[in-house]
Amino acid sequence: MTIIDYIILLSSVFVGSIIAFYIKNISQNNTKLLISFSGAYLFSITVLHLIPETFAGEHNHTIGLFILIGFLLQIILEQFSKGVEHGHGHIHGSVPLSMLIGLGVHSFIEGMPLGNPHHHSHMHSSLLSAIALHKIPVGIVLTHMLIESKMSKPKIILLISLFAITTPLGTFFSEYISNISNYYREIMAIVIGMFLHISTTILFESSEGHHFNSRKAIAIIIGSSIALISTFL
873 MTIIDYIILL SSVFVGSIIA FYIKNISQNN TKLLISFSGA YLFSITVLHL
923 IPETFAGEHN HTIGLFILIG FLLQIILEQF SKGVEHGHGH IHGSVPLSML
973 IGLGVHSFIE GMPLGNPHHH SHMHSSLLSA IALHKIPVGI VLTHMLIESK
1023 MSKPKIILLI SLFAITTPLG TFFSEYISNI SNYYREIMAI VIGMFLHIST
1073 TILFESSEGH HFNSRKAIAI IIGSSIALIS TFL
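Residue numbers for the sequence shown, in the working numbering: 873 to 1105.
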């Protein structure tokens, strides 16, 4: 994990936050398009890269179990995070601490596989890009929620900064704590399960009355196509 990778992880959240702060006319529909794009990219990267490379080797049935654990864990975390990971941003009154904790736990876990020094560079870049692209719309939604809660700007910046460092902290933890790398495939499987839940929820929720509109369909196709093209690079 290089310093550039850490910068990418941090800056992706801040990019979303800056968009929420300074592009006042960004509509909810445009945010949904960005979420649909990132969800399609996240799903495609998971299916095309993360799952095949994680299942390469022995004890695949065990890996499948950890994917299921990750899927169920994300369901539990979203009871706290209120679904901000896939674009939900509706609260009444102040932002609950439990929501920030749920988001933080999710972000910490998804950063952990990036700290493995032994995985293939293509696997690393695929995971890094998937996390970074997904963090941008999450940063937009979370910042909008904090603004709507009438929170002061300095406090918003502080909370966004704390959220931004959770993924790099997960990476740092797994990179420098001894023996964590021995459980890399299990941790990666948990992250895959979390990604599958988030991305499929985004794709299912991208429909209005169970029908895709053309703009969302195009956003999803573009996200999937970029992920597909990356398999040949």
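Note that CB positions come from ideal geometry on N, CA and C, so glycine has one too.
Taking the alpha carbon of residue i as the point to measure from, which residue in the options has its own alpha carbon closest?
i       : options                           : result
Gly1095 : Phe909, Ala1004, Val956           : Phe909
Leu1000 : Ile1093, Val1063, Gln951          : Val1063
Phe938  : Ile1098, Gly1065, Ser1102         : Gly1065
Met995  : Ile890, Phe1045, Ile917, Tyr1055  : Ile917
Gly974  : His933, Leu949, Gly955            : Leu949
Lys1088 : Thr903, Leu920, Ile1028, Val967   : Thr903
Tyr1055 : Ile1019, Thr926, Ser1021          : Thr926
Val977  : Leu922, Pro1040, Lys1025, Ala1061 : Pro1040
Is residue i near the ligand FMN, judged by its Cβ being under 8 Å from some heavy atom?
i       : result
Phe1076 : Absence of the ligand FMN is noted for the structure shown, with no ligands found whatsoever.
Leaving out five residues on either side along the sequence, give the residues of the same chain with a beta carbon under 7 Å from the beta carbon of residue i.
i       : result
Phe893  : Thr1015
Met873  : Leu986, Gly987, Thr1043, Glu1047
Ile923  : Ile1064
Ala1099 : Tyr913, Ser916, Ile917, Leu920
Glu1077 : His958
Leu1018 : Val967, Ile1028, Leu1031
What are the boundary residues of the alpha helix (DSSP H) that includes residue i?
i       : result
Val977  : 969-983
Ile891  : 875-894
Lys1088 : 1086-1102
Ile923  : 923-927
May I ask you to report which of helix, strand or coil DSSP gives residue i?
i       : result
Ile1064 : helix
Lys1022 : coil
Lys904  : helix
Ile1049 : coil
Ser953  : helix
Ser1033 : helix
Ser966  : coil
Thr988  : The amino acid at residue 988 is misidentified as Thr; the sequence shows Asn. Three-state DSSP puts Asn988 in coil, outside helix and strand.
Give every residue of the same chain whose Cβ lies closer than 6 Å to the Cβ of residue i, excluding the five residues on either side of it in the sequence, and list them in chain order.
i      : result
Leu906 : Pro1009
His958 : Ile1070, Thr1073, Ile1074
Leu914 : Ala1002, His1006, Phe1067, Ser1071
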